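Undergrad: As you go down the protein sequences, you meet chains A and B in turn. Per the working numbering, residue 1 is the first one in the first sequence, and the count goes up by one each step. Per the working numbering, residue 1 is the first one in the second sequence, and the count goes up by one each step. I'd like to ask some things about the structure below.
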Amino acid sequence: MTSVTPSETQTPDTPPRGSLPEAPLAMPKQVLTRESGFSLRKLFLPLMSRAGN
Amino acid sequence: MAKANGPSEASAARLLGLVFSLVAAGGAFLLFLQFGWSDGLDAMDIVRAAFILVSTFWLAWGAMQAVLGMMSRAKPPALPPFEGLSTRTAILVPVYNEDPVTVYSRIAAMDASLKATGYSDHFHFAILSDTRKDDIAALEMEWYDRLLAECDGEGRMFYRRRESNAGRKAGNIEDFFQRSGAAYDFALILDADSLMEGDTIVEMARRMEADTTLGLLQTLPKVTRSTARFGRAMQFSASFHSPIFARGLAMMQGRTGPFWGHNAIVRCRAFAESCGLPELPGKPPFGGHIMSHDYVEAALLARAGWVVRLDDDLAGSFEEGPENIVDHAKRDRRWCQGNLQHSKIVGAPGLRMWNRFVFIQGILSYISPLFWLGFLMASIAAPWFAPPLNYFPVEGWPFPVFPSDETWKAIGLAIGIFGLLFLPKLLVAADAMTSGRARRFGGSGLVFGSTLAELVLSSINAPILMMFQTRSVMQVVLGADGGWPTNNRGDGTLALGESWAATWWIVLTGVCGLAATWYLAPGLVPWLLPIAVPMIVAPYVVSWTSKASTTRTFLTPLEINPSPVMLLQDRYLARWQDNPEVPSDPAVGQPAHI
């Protein structure tokens, strides 16, 4: 974990009226799924299709 | 930096909750099996006992939160003496087809409240519009000019509208971070109906500065502005019961606390590094954008090692709630889809075990009505599966053996379940009366009356909400995407015809269920009436509870003494609605005049 101190933050000049300051921060996409993740849909759909048959 | 709940306190609270819930669930399971055994155990008895096991566990878990909450009091973390702020915070106000006059009146009020603290220079407001309707977007721009003029907001108040609303609210927030996140140390994430006192906002920034491991700090928003019977009952419950339940929750969650998506402050770099949400594989409702992003973001922050904390001692945090059952059910449909979608994330690599449990808890909260419904249906069908009575089970024994009467066990089980449902709220009332907290709610007599009225009303509403939840779960499981409907705000009065249109299928289900019980298991009819009758009269219940409440019942402290920022908002809103023209003189309406 990295600790952030206030001095690390960029403070831009007063931006033009109404526009948000241009100071991008990257948001890398996180890994959330596994190949064999548990799934309610996987659990229920076979049961329901069996019930339908 | 000391914080409210350390890991050992959280572990102890979790263990206590788990043990109590397992004992209660196991006891209910065994009691029901013994009851079923009395006339010969069959498959349907085991199915019903299993439904009882899961449902009781869930009820006991909720009850335990209240008990834990009553065992301690909200307390602030230990902080060094306040010597002013050295950071800058963006206050994010995402909007989606909202009335800009009302939303901006909240911003103007919060700005005035911040100015009164002397620290307003440390805060900027960013209105993040995802509005799709061009006429509302035009109003947003028009009223933004007025907001700037009245609040002297040049360089402090920003407005932007996204061309595409990809990712919905989470995408809207993410867009802010990708565009402007590095300009700020912290971001206070609000909803369009959020309102916060200036000194609360300053205190949140102070706590974030003081603890550099803190990634997210959540407040407990109080529901305000409700006027309808349903809305005021919810508002009373949120004001009277929720702080106790939230205290218990905070004890259990410890450093891996909750994020409810608004009225919370995040550390920008921590949030940006940890919370970039991918699209889930597959189509909605289970794939695509993550709907209930807040729980996921809290889990991702905790996964990255950041502390996520609920500070329930922070007052001055407000939101508004649905005024009627139909609006509540619409919001719940969205939350249902979001929580069930978490079934795809619960196994994500590296998550804290507690966060996985929170996902499962969210899923369980939506599928638990199905367990009760399953129990009811299994009970109605049970007589068809019961083995014929055999009075001579021992071969050669000349005397009949009568089955033992286990009715008291069924009654005991029912009392236990109702106890888990009602006792926590009654204990909260008793605690309030003895601690003096009841005075803020109009006194002990009124608190007792409001508590009883809330219990009666929630008992009548419960079967109706159970049906809405069941429908939501079935829709999601069958692949129906609920989309992103706009929240209804303001007057939510429903005529009987509108209520009928929303609930006719509940009436039909109630009538059919009662008729089937009468035919298949007449002995169960008295047990079913408390569920079937509210279903059959659902249109009347929905319409009646949507109407304005004019009694002192459900009185809350904020109805007696509104918070200063609420009064500020009232004045801005009243003046803007009375005089909708944008003034040419920017000095008009400066906070000093308000």
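The C-beta atom is built at its ideal place from N, Cα and C for all residues, glycine as well. Please read these numbers as outputs of a predicted model, since none were measured by experiment.
Given this structure, state the Cα-to-Cα distance separating residue 202(B) from residue 114(B), to the nearest angstrom.
TA: 8 Å
Undergrad: Could you spell out the range, first to last residue, of the alpha helix (DSSP H) harbouring residue 267(B)?
TA: Unbroken run through residue 267(B) is the beta strand (DSSP E), 264 to 267; no alpha helix (DSSP H).
Undergrad: List the residues of chain A that residue 178(B) touches, going by C-beta distances under 9 Å, in chain order.
TA: 24, 25, 26, 27, listed in chain order.
Undergrad: Which one of 474(B), 67(B), 52(B) has the shortest CA to CA distance from residue 285(B)?
TA: 474(B)
Undergrad: Chain A beta carbons: is any one of them nearer than 8 Å to that of residue 336(B)?
TA: Not an interface residue.
Undergrad: Using beta-carbon positions only, say whether residue 122(B) and residue 90(B) come within less than 8 Å of one another.
TA: no
Undergrad: At the 8 Å Cβ level, is residue 142(B) part of the contact set with chain A, yes or no?
TA: no
Undergrad: Could you tell me the distance, in whole angstroms, from the CA atom of residue 192(B) to the CA atom of residue 133(B)?
TA: Their backbone Cα atoms lie some 16 Å apart in a straight line.
Undergrad: Any idea what DSSP makes of residue 562(B), helix, strand or coil?
TA: coil
Undergrad: Determine which residues of the segment 526 to 542 of chain B have a Cβ less than 8 Å from any Cβ of chain A, and write them out in chain order.
TA: none
Undergrad: Alpha carbons only, please: which of 237(B), 226(B), 100(B), 492(B) is nearest the one belonging to residue 131(B)?
TA: 100(B)
Undergrad: Out of 365(B), 83(B), 78(B), which has the shortest C-alpha to C-alpha gap to residue 598(B)?
TA: Residue coverage of chain B in this structure runs from 1 to 594, which leaves residue 598(B) outside it and unanswerable.
Undergrad: How about residue 109(B) and residue 568(B): are their beta carbons less than 8 Å apart?
TA: yes
Undergrad: Output needed for residue 549(B): all residues of its chain with C-beta closer than 7 Å, excluding positions within five of it in sequence on either side, in chain order.
TA: Counting only Cβ-Cβ distances below 7 Å, and skipping sequence neighbours, we find 227, 228, 229, 232.
Undergrad: Going by C-alpha distance, which of 184(B), 384(B), 536(B), 104(B) is nearest residue 159(B)?
TA: 104(B)
Undergrad: Got a sec? Which residues, its chain only, sit under 7 Å from residue 370(B) by beta carbon, not counting five neighbours each side?
TA: 470, 473
Undergrad: DSSP three-state label for residue 594(B), please.
TA: Only weak support exists for where residue 594(B) lies, its pLDDT of 38 falling under 50; the coordinates are left without a value.
Undergrad: Counting only beta-carbon atoms, is residue 349(B) nearer than 8 Å to chain A?
TA: yes
Undergrad: If the cut is a Cβ gap below 8 Å, which residues of chain A does residue 359(B) touch?
TA: By Cβ distance, chain A contributes nothing, its closest Cβ being about 10 Å from residue 359(B), past 8 Å.
Undergrad: Indicate whether at least one CB of chain A lies closer than 8 Å to the CB of residue 281(B).
TA: For residue 281(B), the closest Cβ of chain A is nearer than 8 Å.
Undergrad: Let's see if you can read the secondary structure: which residues bound the alpha helix (DSSP H) around residue 208(B)?
TA: 198 to 210
Undergrad: Can you pull the chain A residues whose beta carbon is under 7 Å from the beta carbon of residue 108(B), in chain order?
TA: Simply none; closest approach about 16 Å.
Undergrad: Going by DSSP in three states, residue 280(B) sits in which element: helix, strand or coil?
TA: Strand at residue 280(B).
Undergrad: Tell me, please, which residues DSSP counts as bridged to residue 129(B).
TA: 95(B), 161(B)
Undergrad: Could you check whether the Cβ of residue 151(B) sits closer than 8 Å to any Cβ belonging to chain A?
TA: no
Undergrad: Given a cut-off of 8 Å on the beta-carbon distance, is the pair residue 207(B) and residue 85(B) in contact?
TA: no
Undergrad: Just to confirm before moving on: does the CB-CB distance between residue 256(B) and residue 352(B) stay below 8 Å?
TA: yes
Undergrad: State the DSSP-derived secondary structure class of residue 12(A), mapped to helix, strand or coil.
TA: With a pLDDT of only 43 at residue 12(A), under 50, the local geometry of the prediction cannot be trusted, and the value read off the model is given with reservation. Note: residue 12(A) maps to coil in three-state DSSP.
Undergrad: Compare the C-beta of residue 26(B) with all C-beta atoms of chain A and state if any pair is closer than 8 Å.
TA: no
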